[in-house]
Amino acid sequence: MFSGSIPALVTPFRDGAVDYAAFRRLVDWQIAEGSLALVPCGTTGEAPTLTNEEQHLLIAACVEQAAGRVPVIAGCGSNDTQTALWHMQEAKAVGADAALMVAPYYNRPSQAGLLAHFSYLAEKVDLPIVLYNVPGRTVTDIRPETVVELARRFPDRIIGIKDASGDMTRLTAHRLSLGAGFVQLCGNDDMALHYNAGGGSGCISVTANVAPRLCAEFQAASLAGDMAKAHELNERLFPLHQALFTDASPAPVKYALARLHDWLNLSVRLPLVECSAEARRAVDAGLEHAGLI
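Residue numbering for the sequence shown follows the working numbering, beginning at 317 and increasing consecutively.
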(Lines of atoms letter the chains of each structure in order from A and count residues from 1; the text may use other names and numbers.)
(Lines give C-alpha, C1' and ligand atoms only; values in the text may rest on other atoms or scores of the structure.)
Protein backbone atom coordinates (compact mmCIF):
# COMPACT_ATOMS: atom_id res chain seq x y z
CA MET A 1 0.00 0.00 0.00
CA PHE A 2 2.81 2.44 0.91
CA SER A 3 6.34 2.31 -0.40
CA GLY A 4 9.35 4.35 -1.46
CA SER A 5 10.35 7.74 -0.10
CA ILE A 6 7.76 9.23 2.25
CA PRO A 7 8.74 12.52 3.92
CA ALA A 8 7.71 13.21 7.50
CA LEU A 9 6.92 16.83 6.69
CA VAL A 10 8.15 19.76 8.73
CA THR A 11 5.59 22.29 9.91
CA PRO A 12 6.65 25.76 8.73
CA PHE A 13 6.13 28.58 11.21
CA ARG A 14 6.24 32.33 10.70
CA ASP A 15 5.92 34.86 13.53
CA GLY A 16 4.88 32.05 15.85
CA ALA A 17 1.98 30.85 13.70
CA VAL A 18 1.72 27.92 11.29
CA ASP A 19 2.61 29.11 7.79
CA TYR A 20 -0.03 27.21 5.84
CA ALA A 21 0.95 28.80 2.52
CA ALA A 22 4.54 27.57 2.90
CA PHE A 23 3.25 24.15 3.97
CA ARG A 24 1.14 23.84 0.83
CA ARG A 25 4.13 24.88 -1.26
CA LEU A 26 6.21 22.21 0.47
CA VAL A 27 3.58 19.59 -0.38
CA ASP A 28 3.67 20.55 -4.06
CA TRP A 29 7.46 20.48 -4.15
CA GLN A 30 7.62 17.09 -2.49
CA ILE A 31 5.21 15.56 -4.99
CA ALA A 32 7.00 17.14 -7.96
CA GLU A 33 10.32 15.73 -6.70
CA GLY A 34 9.05 12.15 -6.52
CA SER A 35 7.87 11.51 -2.95
CA LEU A 36 5.31 8.70 -3.00
CA ALA A 37 3.29 9.64 0.10
CA LEU A 38 3.26 12.40 2.72
CA VAL A 39 3.17 12.39 6.52
CA PRO A 40 1.97 15.61 8.15
CA CYS A 41 2.01 16.13 11.92
CA GLY A 42 4.60 13.55 12.88
CA THR A 43 7.68 14.00 15.05
CA THR A 44 9.43 16.08 12.38
CA GLY A 45 6.26 18.16 12.10
CA GLU A 46 6.61 19.13 15.80
CA ALA A 47 3.21 17.62 16.54
CA PRO A 48 3.59 17.90 20.34
CA THR A 49 3.70 21.70 20.01
CA LEU A 50 0.66 22.00 17.73
CA THR A 51 -2.80 22.82 19.02
CA ASN A 52 -5.50 20.34 18.11
CA GLU A 53 -6.96 22.86 15.69
CA GLU A 54 -3.60 23.41 14.00
CA GLN A 55 -3.05 19.68 13.68
CA HIS A 56 -6.43 19.12 12.08
CA LEU A 57 -6.01 22.09 9.73
CA LEU A 58 -2.58 20.85 8.64
CA ILE A 59 -3.91 17.37 7.88
CA ALA A 60 -6.78 18.90 5.90
CA ALA A 61 -4.38 21.22 4.03
CA CYS A 62 -2.09 18.31 3.16
CA VAL A 63 -4.97 16.21 1.82
CA GLU A 64 -6.41 19.12 -0.14
CA GLN A 65 -3.08 20.16 -1.63
CA ALA A 66 -2.05 16.61 -2.49
CA ALA A 67 -5.39 16.29 -4.28
CA GLY A 68 -5.08 12.55 -4.72
CA ARG A 69 -1.66 12.69 -6.39
CA VAL A 70 -0.09 10.77 -3.50
CA PRO A 71 -1.60 9.28 -0.34
CA VAL A 72 -1.51 11.10 3.00
CA ILE A 73 -0.64 9.26 6.22
CA ALA A 74 -1.79 11.65 8.93
CA GLY A 75 0.03 11.84 12.23
CA CYS A 76 -2.71 11.12 14.77
CA GLY A 77 -0.90 9.63 17.77
CA SER A 78 -1.34 10.70 21.36
CA ASN A 79 -0.62 9.36 24.83
CA ASP A 80 -4.35 9.80 25.48
CA THR A 81 -6.48 7.25 23.67
CA GLN A 82 -9.50 9.55 23.35
CA THR A 83 -7.39 12.33 21.85
CA ALA A 84 -5.87 9.86 19.40
CA LEU A 85 -9.39 8.77 18.47
CA TRP A 86 -10.41 12.39 17.86
CA HIS A 87 -7.40 12.97 15.61
CA MET A 88 -8.23 9.83 13.63
CA GLN A 89 -11.86 10.85 13.23
CA GLU A 90 -10.80 14.26 11.94
CA ALA A 91 -8.24 12.72 9.57
CA LYS A 92 -10.85 10.31 8.24
CA ALA A 93 -13.34 13.15 7.74
CA VAL A 94 -10.97 15.19 5.56
CA GLY A 95 -9.90 12.24 3.43
CA ALA A 96 -6.56 11.05 4.82
CA ASP A 97 -5.55 7.63 3.52
CA ALA A 98 -4.15 6.28 6.80
CA ALA A 99 -3.14 7.31 10.30
CA LEU A 100 0.39 7.14 11.70
CA MET A 101 -0.06 6.12 15.33
CA VAL A 102 2.90 6.49 17.66
CA ALA A 103 3.08 4.40 20.81
CA PRO A 104 1.68 6.36 23.76
CA TYR A 105 4.53 8.24 25.38
CA TYR A 106 5.28 9.31 28.97
CA ASN A 107 2.62 7.11 30.62
CA ARG A 108 4.54 3.96 29.54
CA PRO A 109 1.75 1.42 28.95
CA SER A 110 2.48 -2.30 29.12
CA GLN A 111 2.17 -4.53 26.07
CA ALA A 112 -1.37 -5.32 27.26
CA GLY A 113 -2.04 -1.59 27.39
CA LEU A 114 -0.71 -1.15 23.87
CA LEU A 115 -2.93 -3.94 22.62
CA ALA A 116 -5.94 -2.33 24.25
CA HIS A 117 -5.06 1.17 22.99
CA PHE A 118 -4.52 0.24 19.35
CA SER A 119 -7.41 -2.28 19.34
CA TYR A 120 -9.79 0.40 20.60
CA LEU A 121 -8.72 2.77 17.83
CA ALA A 122 -8.93 0.09 15.14
CA GLU A 123 -12.45 -0.79 16.25
CA LYS A 124 -13.71 2.79 16.38
CA VAL A 125 -12.45 4.34 13.11
CA ASP A 126 -12.49 2.89 9.61
CA LEU A 127 -9.02 4.16 8.72
CA PRO A 128 -5.87 2.08 8.10
CA ILE A 129 -3.27 2.41 10.85
CA VAL A 130 0.49 2.47 10.42
CA LEU A 131 2.00 1.79 13.84
CA TYR A 132 4.94 4.01 14.78
CA ASN A 133 7.52 2.47 17.07
CA VAL A 134 10.21 4.88 18.27
CA PRO A 135 11.19 3.78 21.78
CA GLY A 136 14.10 6.23 21.85
CA ARG A 137 11.49 8.99 22.13
CA THR A 138 8.49 7.27 23.72
CA VAL A 139 10.33 4.82 26.04
CA THR A 140 7.49 2.39 25.28
CA ASP A 141 8.47 -0.31 22.77
CA ILE A 142 5.84 -2.01 20.60
CA ARG A 143 7.26 -5.51 20.77
CA PRO A 144 7.06 -7.79 17.69
CA GLU A 145 4.59 -10.12 19.37
CA THR A 146 2.29 -7.14 19.99
CA VAL A 147 2.60 -5.97 16.37
CA VAL A 148 1.77 -9.48 15.16
CA GLU A 149 -1.23 -9.83 17.46
CA LEU A 150 -2.64 -6.45 16.38
CA ALA A 151 -2.20 -7.20 12.68
CA ARG A 152 -3.85 -10.59 13.09
CA ARG A 153 -6.79 -9.12 15.01
CA PHE A 154 -7.29 -6.28 12.52
CA PRO A 155 -5.80 -7.25 9.14
CA ASP A 156 -7.70 -4.49 7.35
CA ARG A 157 -6.86 -1.82 9.92
CA ILE A 158 -3.35 -2.46 11.26
CA ILE A 159 -1.61 -2.55 7.91
CA GLY A 160 2.01 -1.63 8.63
CA ILE A 161 4.65 -0.13 10.86
CA LYS A 162 7.16 2.67 10.81
CA ASP A 163 10.02 1.08 12.74
CA ALA A 164 12.54 3.40 14.35
CA SER A 165 13.60 0.86 16.97
CA GLY A 166 16.96 0.29 15.29
CA ASP A 167 16.48 -3.47 15.67
CA MET A 168 16.83 -4.93 12.17
CA THR A 169 15.84 -8.42 13.32
CA ARG A 170 12.24 -7.25 13.65
CA LEU A 171 11.85 -7.09 9.90
CA THR A 172 12.24 -10.84 9.62
CA ALA A 173 10.19 -11.52 12.74
CA HIS A 174 7.29 -9.52 11.31
CA ARG A 175 7.63 -11.10 7.85
CA LEU A 176 7.69 -14.64 9.22
CA SER A 177 4.46 -14.06 11.11
CA LEU A 178 2.60 -11.64 8.83
CA GLY A 179 4.04 -12.12 5.35
CA ALA A 180 5.30 -9.62 2.84
CA GLY A 181 1.92 -7.88 2.63
CA PHE A 182 2.44 -6.21 6.02
CA VAL A 183 3.96 -2.81 5.18
CA GLN A 184 7.30 -2.23 6.89
CA LEU A 185 8.73 1.28 6.60
CA CYS A 186 12.08 2.31 8.00
CA GLY A 187 12.10 5.18 10.48
CA ASN A 188 15.84 5.87 10.27
CA ASP A 189 17.27 7.31 7.04
CA ASP A 190 20.75 6.01 7.74
CA MET A 191 19.45 2.43 8.00
CA ALA A 192 17.13 2.51 4.99
CA LEU A 193 19.48 0.67 2.61
CA HIS A 194 19.82 -2.32 4.92
CA TYR A 195 16.15 -2.15 5.89
CA ASN A 196 14.97 -2.50 2.30
CA ALA A 197 17.46 -5.32 1.72
CA GLY A 198 15.85 -7.14 4.65
CA GLY A 199 12.36 -6.86 3.18
CA GLY A 200 11.27 -3.31 3.96
CA SER A 201 9.23 -1.34 1.45
CA GLY A 202 10.47 2.19 2.01
CA CYS A 203 11.21 4.91 4.52
CA ILE A 204 9.24 7.58 6.35
CA SER A 205 12.08 10.00 6.01
CA VAL A 206 13.46 13.13 7.63
CA THR A 207 16.06 13.73 4.92
CA ALA A 208 13.41 13.64 2.19
CA ASN A 209 12.26 17.04 3.44
CA VAL A 210 15.55 18.44 2.18
CA ALA A 211 16.52 16.08 -0.65
CA PRO A 212 13.27 14.59 -1.93
CA ARG A 213 14.48 13.73 -5.42
CA LEU A 214 17.65 12.01 -4.21
CA CYS A 215 15.72 10.10 -1.56
CA ALA A 216 13.12 9.05 -4.13
CA GLU A 217 15.82 7.90 -6.55
CA PHE A 218 17.58 6.02 -3.76
CA GLN A 219 14.40 4.23 -2.74
CA ALA A 220 13.53 3.36 -6.33
CA ALA A 221 16.98 1.88 -6.94
CA SER A 222 16.99 -0.01 -3.66
CA LEU A 223 13.54 -1.51 -4.14
CA ALA A 224 14.33 -2.43 -7.74
CA GLY A 225 17.45 -4.31 -6.68
CA ASP A 226 19.85 -1.89 -8.40
CA MET A 227 22.28 -2.08 -5.52
CA ALA A 228 25.16 -0.30 -7.25
CA LYS A 229 23.01 2.81 -7.73
CA ALA A 230 21.44 2.43 -4.29
CA HIS A 231 24.87 2.33 -2.64
CA GLU A 232 26.02 5.33 -4.64
CA LEU A 233 23.00 7.41 -3.62
CA ASN A 234 23.12 6.19 -0.02
CA GLU A 235 26.72 7.30 0.29
CA ARG A 236 25.87 10.64 -1.30
CA LEU A 237 23.11 11.18 1.27
CA PHE A 238 24.72 9.60 4.33
CA PRO A 239 26.54 12.69 5.72
CA LEU A 240 23.29 14.64 5.42
CA HIS A 241 21.34 11.88 7.21
CA GLN A 242 23.73 12.20 10.13
CA ALA A 243 23.97 16.00 10.06
CA LEU A 244 20.22 16.40 10.41
CA PHE A 245 20.45 14.86 13.89
CA THR A 246 23.45 16.80 15.21
CA ASP A 247 20.97 18.90 17.19
CA ALA A 248 17.38 18.39 18.31
CA SER A 249 15.30 17.52 15.27
CA PRO A 250 13.80 19.19 13.29
CA ALA A 251 15.91 22.30 13.95
CA PRO A 252 18.74 21.16 11.61
CA VAL A 253 16.16 20.17 8.97
CA LYS A 254 14.65 23.62 9.06
CA TYR A 255 18.09 25.19 8.77
CA ALA A 256 18.78 23.02 5.71
CA LEU A 257 15.46 23.96 4.14
CA ALA A 258 16.09 27.64 4.78
CA ARG A 259 19.42 27.26 2.95
CA LEU A 260 17.57 25.89 -0.08
CA HIS A 261 14.33 27.90 -0.17
CA ASP A 262 13.64 31.55 0.62
CA TRP A 263 10.02 30.69 1.47
CA LEU A 264 11.07 28.58 4.47
CA ASN A 265 12.85 29.68 7.64
CA LEU A 266 14.53 28.34 10.78
CA SER A 267 11.56 28.81 13.14
CA VAL A 268 10.81 26.02 15.60
CA ARG A 269 8.55 26.09 18.63
CA LEU A 270 9.71 25.96 22.21
CA PRO A 271 11.00 23.87 23.86
CA LEU A 272 13.03 23.48 20.66
CA VAL A 273 15.38 26.26 19.60
CA GLU A 274 17.26 26.96 16.39
CA CYS A 275 20.17 24.60 15.83
CA SER A 276 23.70 25.37 16.99
CA ALA A 277 26.57 26.74 14.92
CA GLU A 278 28.20 23.31 15.05
CA ALA A 279 25.06 21.66 13.67
CA ARG A 280 24.84 24.28 10.92
CA ARG A 281 28.38 23.51 9.82
CA ALA A 282 27.57 19.79 9.70
CA VAL A 283 24.40 20.45 7.68
CA ASP A 284 26.29 22.70 5.27
CA ALA A 285 28.87 19.95 4.75
CA GLY A 286 26.12 17.36 4.23
CA LEU A 287 24.30 19.56 1.71
CA GLU A 288 27.53 20.15 -0.16
CA HIS A 289 28.44 16.44 -0.19
CA ALA A 290 24.97 15.65 -1.57
CA GLY A 291 25.41 18.28 -4.28
CA LEU A 292 22.50 20.37 -3.06
CA ILE A 293 24.50 23.57 -2.54
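Where is the CB? At the ideal position from N, CA and C, for every residue including glycine.
Could you tell me which of the options sits nearest to residue i, measuring between CA atoms?
{"i": "asparagine 512", "options": "Cys502, Val584 and Ser521", "result": "Cys502"}
{"i": "leucine 430", "options": "Thr456, Gly452 and Ala407", "result": "Thr456"}
{"i": "proline 460", "options": "Ile520, Leu487, Glu594 and Phe470", "result": "Leu487"}
{"i": "isoleucine 477", "options": "His547, Arg585, Gly518 and Ala564", "result": "Gly518"}
{"i": "arginine 529", "options": "Leu492, Leu608, Gly391 and Arg491", "result": "Leu608"}
{"i": "isoleucine 520", "options": "Ala353, Arg552 and Lys440", "result": "Ala353"}
{"i": "alanine 564", "options": "Asn395, Ala595 and Asn525", "result": "Ala595"}
{"i": "alanine 258", "options": "Ile347, Met417 and Leu366", "result": "Residue 258 lies beyond the stretch modelled for the chain, which goes from 317 to 609, so this question has no answer here."}
{"i": "threonine 397", "options": "Glu380, Phe318, Ala419 and Lys570", "result": "Ala419"}
{"i": "arginine 385", "options": "Ala412, Gly393 and Cys392", "result": "Ala412"}
{"i": "leucine 553", "options": "Leu576, Ala527 and Ala537", "result": "Ala527"}
{"i": "arginine 597", "options": "Leu588, Val589 and Thr562", "result": "Thr562"}
{"i": "leucine 366", "options": "Gly391, Ala414, Asp542 and Ala536", "result": "Gly391"}
{"i": "arginine 330", "options": "Glu349, Thr462 and Arg585", "result": "Arg585"}
{"i": "serine 493", "options": "Pro387, Val464 and Ala428", "result": "Val464"}
{"i": "leucine 325", "options": "Ile474, Val343 and Asn423", "result": "Val343"}
Name the one or two DSSP bridge partners that residue i has.
{"i": "aspartate 479", "result": "Asn449 and Cys502"}
{"i": "serine 592", "result": "BP columns for serine 592 are empty, so no partner."}
{"i": "isoleucine 389", "result": "Ala414"}
{"i": "serine 319", "result": "Bridge partners of serine 319: none, in fact."}
{"i": "alanine 324", "result": "Val355"}
What three-state label does DSSP hand residue i in the structure shown?
{"i": "glycine 350", "result": "coil"}
{"i": "glycine 429", "result": "helix"}
{"i": "valine 355", "result": "strand"}
{"i": "phenylalanine 329", "result": "strand"}
{"i": "glycine 602", "result": "helix"}
{"i": "proline 471", "result": "coil"}
{"i": "alanine 627", "result": "The first residue shown for the chain is 317 and the last is 609, placing residue 627 beyond what the model contains."}
{"i": "valine 334", "result": "strand"}
{"i": "isoleucine 458", "result": "coil"}
{"i": "proline 566", "result": "coil"}
{"i": "serine 521", "result": "strand"}
{"i": "threonine 397", "result": "helix"}
{"i": "histidine 490", "result": "helix"}
{"i": "valine 463", "result": "helix"}
{"i": "alanine 419", "result": "coil"}
{"i": "histidine 510", "result": "helix"}
{"i": "glutamate 369", "result": "helix"}
{"i": "histidine 577", "result": "coil"}
{"i": "methionine 484", "result": "coil"}
{"i": "valine 584", "result": "coil"}
{"i": "proline 555", "result": "helix"}
{"i": "proline 528", "result": "helix"}
{"i": "aspartate 442", "result": "coil"}
Who are the Cβ neighbours of residue i in its own chain at under 6 angstroms, not counting the five residues just before and after it?
{"i": "histidine 557", "result": "Asp505, Asp506 and Thr523"}
{"i": "lysine 440", "result": "Leu401"}
{"i": "valine 599", "result": "Ala559, Pro568, Tyr571 and Ala572"}
{"i": "proline 323", "result": "Gln346, Ser351, Ser521, Ala524 and Asn525"}
Can you list, in chain order, the residues of its chain with a C-beta nearer than 8 angstroms to that of residue i? Leave out the 5 residues immediately preceding and following it.
{"i": "methionine 484", "result": "Met507, His510, Tyr511 and Gly514"}
{"i": "serine 435", "result": "Leu466, Arg469 and Phe470"}
{"i": "tyrosine 421", "result": "Asn395, Arg453, Thr454, Val455 and Thr456"}
Tell me which same chain residues have a C-beta within less than 7 angstroms of the C-beta of residue i, skipping the five on either side of it?
{"i": "alanine 574", "result": "Leu580, Asn581 and Leu582"}
{"i": "proline 451", "result": "Asp457 and Ser481"}
{"i": "glutamine 500", "result": "Gly476, Ile477, Asp479, Leu487, His490, Gly515, Gly516 and Ser517"}
{"i": "glutamate 380", "result": "none"}
{"i": "cysteine 357", "result": "Ala363, Leu366, Gln371, Leu374, Ile375, Ala390 and Gly391"}
Would you call the stretch 573-592 and the stretch 337-347 in contact, with 3 or more CB pairs under 8 angstroms? yes
Is the stretch 371-385 close to the stretch 400-408, with three or more CB pairs under 8 angstroms? yes
Within the chosen definition, does the stretch 590-606 reach the stretch 355-365 through at least 3 CB pairs nearer than 8 angstroms? no
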